[in-house]
Amino acid sequence: MRLMGVIAFVVMLLTFGSALGAGGLEGDGSRGGYWYILDVALLLGMGVCLWALWRVRRAVRRVERERDLTIDSLMTRHNELEATLSSMVEAVLAVDGHQRIISLNAAAARLLDVQPSEVISQNIRDVIKNDQLRAFIAGTLRVGEAVQAELDLSKNGSGKEATEKNNYVVQGAVLSDATGGRIGSLIVLHDVTRLRQLETVRRDFVSNASHEIKTPVTAIKAAAETMKESGDDPEAVDQFLPMILRQADRLSAIVEDLLTLARLEREEPGETLEVARESIAEILRVAVETCQTNADEREMTIEIECDAGIEADLNAALIEQALVNLLNNAVKYSDAGKTIRISAEKRGNWLVLAVTDEGHGIMSEHLPRIFERFYRTDKARSREMGGTGLGLAIVKHIANVHGGRVSVDSKVGEGSTFRMYVPAG
Ligand code: ADP
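When the letters of the sequence shown are read in order and numbered with the numbering used here, they come out as residues 12 to 436.
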């Protein structure tokens with residue numbers, strides 16, 4: 012464009028020059044002066060035109076630049092919005108007034124088990140198979156104001172039957188355009204399954220704990236009342252006093268374990284937990300020493316397998332307590348005279364602590380729940396052995412607060428191996 016301007020200017024000069032020359036050759040002074048003024052006027056006019064053209068061009072360039080900037084900024088905002096929506100844990104779905112899908116994010120596509128590109132503009136009737144959700148969206152569009160409900164979306168959009176409950180808090184809001192006109196509804200689905208599960212676990216825990224505490228308290232009360240009614244009868248005292256003491260011990264063990272669990276729940280791996288560089292062989296030795304009397308009473312042998320040099324950063328008192336729980340279980344749930352092995356080894360980044368027994372073993376259906384609080388395979392036997400039903404839950408929590416985990420392998424009639432994995436650092 013700039014080149015065109017220069018060419019036009021040169022052509023103009025040439026035209027002016029030739030016009031001037033032609034005027035001079037005519038020989039008439041007044042005629043030459045007339046052409047001269049005309050040429051100057053022409054030249055000025057063309058100059059003004061060029062200047063105006065240049066200004067227009069500059070303005071167009073500015074508008075183009077501003078338009079490009081606006082498009083860039085709109086694209087950036089659009090991409091940011093897309094990124095925000097797709098990284099949201101919540102499923103987001105926009106639906107127009109005719110129940111057609113305007114847009115949905117990745118979480119919504121996953122939840123409904125659809126490809127976003129395939130369902131845009133489709134009616135929710137053909138996309139969402141869950142009756143409750145469809146009815147909720149239709150209701151949101153009808154009432155035209157913000158609504159909220161909790162739905163079980165176990166049967167998801169694809170119509171597949173989910174094995175577990177999937178609780179979602181679903182919120183519907185009015186979707187408006189730039190002028191404020193209603194164009195549909197925005198549906199946000201928040202997965203609260205885990206929250207509800209935790210609430211159930213907590214409720215069950217309170218109920219189990221109350222029940223566990225109530226049993227010895229009732230037994231103590233009954234024994235004390237009988238003793239009171241029998242006056243100073245030494246026979247009754249001999250019979251009921253040991254019972255009261257046994258039940259009081261049980262109560263104290265339950266309360267002690269509950270307090271341990273409560274303390275462990277407050278610990279955060281790598282934050283509040285106090286750790287120090289410890290000799291693992293020494294921790295194993297102390298744990299075995301603590302359980303030796305129980306094992307001796309049942310003529311059981313405890314073998315230790317651990318290299319003397321193994322060290323790790325951990326809380327020795329807690330790891331010791333976990334191993335004592337596992338060893339005591341091995342003693343409790345094995346026949347007299349059997350052998351128990353306790354071992355420690357480093358495997359990659361993990362320190363693996365294992366307790367293996369030749370005991371009764373655990374049926375496979377119990378294994379997934381065996382580390383739950385108050386879960387027992389045989390309640391009567393556990394109580395008879397003085398168990399609280401909290402020993403393995405404590406072991407699991409101790410592994411967890413170290414940033415580790417637990418596992419169990421067991422075969423009925425052959426025995427069990429309980430393992431704790433804690434970071435070997
Ligand atoms: P408890 O106080 O009842 O022993 P735990 O939490 O320590 O509670 O163990 C939970 C249940 O797991 C026990 O009641 C028992 O049924 C089973 N269990 C634990 N350890 C063993 C084991 N080594 N062999 C067989 N069963 C076991």
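Virtual Cβ for every residue (Gly too), placed ideally from N, Cα, C.
Collapsed DSSP secondary structure at residue i in the structure displayed
i      : result
Glu246 : helix
Ala157 : coil
Asn134 : strand
Asp324 : strand
Gly40  : The predicted model places Gly40 with a pLDDT of 49, which falls under 50 and marks its position as unreliable; any figure quoted below should be read in that light. Reduced to three states, the DSSP call for Gly40 is helix.
Glu369 : coil
Gly34  : For Gly34, the predicted model reports a pLDDT of 48, less than 50, meaning its position is unreliable; a value from the coordinates is still stated below. Helix, per DSSP.
Thr190 : coil
Asp163 : strand
Gln182 : strand
Pro357 : Strictly speaking, residue 357 in this sequence is Lys, with Pro absent from that position. In this structure, Lys357 counts as strand in the three-state DSSP scheme.
Ala435 : coil
Ser218 : helix
Ile330 : helix
Gly195 : strand
Asp107 : strand
Cut-off 7 angstroms between Cβ atoms - residues of its own chain near residue i, not counting five sequence neighbours on either side
i      : result
Ser375 : none
Met238 : Ala247, Val248 and Phe251
Glu278 : Leu284 and Val412
Ala234 : Phe251, Met254 and Ile255
Met431 : Ala333, Leu364, Val406, Ala410, Gly415 and Val417
Sequence-distant residues of its chain with Cβ nearer than 6 angstroms to residue i (five each side left out)
i      : result
Ser97  : Asn116 and Ala117
Arg387 : Ser393 and Gly400
Gln110 : Asn134 and Ile135
Ile231 : Ile255 and Gln258
Gln143 : Leu162
Lys349 : Met311 and Glu369
Lys343 : Met396
Pro434 : Gly414
Contact set for residue i: own chain, Cβ-Cβ below 8 angstroms, skip 5 residues either direction
i      : result
Gln126 : Ala120
Integer Cβ distance of residue i from residue j, believed to fall under 8 angstroms
i      : j      : result
Phe147 : Val181 : 6 angstroms
Val286 : Asn326 : 5 angstroms
Ile113 : Val106 : 6 angstroms
Ile353 : Ile315 : 6 angstroms
Ile194 : Glu223 : Actually they do not touch by this definition, with Cβ atoms about 57 angstroms apart.
Asp368 : Ile351 : 5 angstroms
Residue i Cβ short of 8 angstroms to ligand 3 heavy atom set
i      : result
Arg261 : By its list of ligands, the structure shown excludes ligand 3, since it contains just ligand 1.
Residue(s) in a DSSP beta bridge with residue i
i      : result
Ala102 : Leu200
Ile381 : In DSSP, Ile381 forms no bridge with anything.
Arg309 : Paired residues: none, contrary to the question.
Glu129 : Answer by DSSP bridge pairing: none, since Glu129 is not bridged.
Glu314 : Arg352
Residue i at chain C interface by Cβ criterion, 9 angstroms
i      : result
Tyr386 : The question asks about chain C, but that chain is absent: this structure has only one protein chain.
Runs of 4 residues minimum, wholly inside the segment 237-305: which ones carry the alpha helix (DSSP H) assignment? Unbroken alpha helix (DSSP H) runs of no fewer than 4 residues, entirely contained in the segment 237-305, are found at 245-277, following chain order.
Can you give, in chain order, each stretch of the alpha helix (DSSP H) that sits fully within the segment 384-431 and has at least 4 residues? For the segment 384-431, whole alpha helix (DSSP H) runs of length 4 or above, ordered along the chain, are 390-395 and 402-412.
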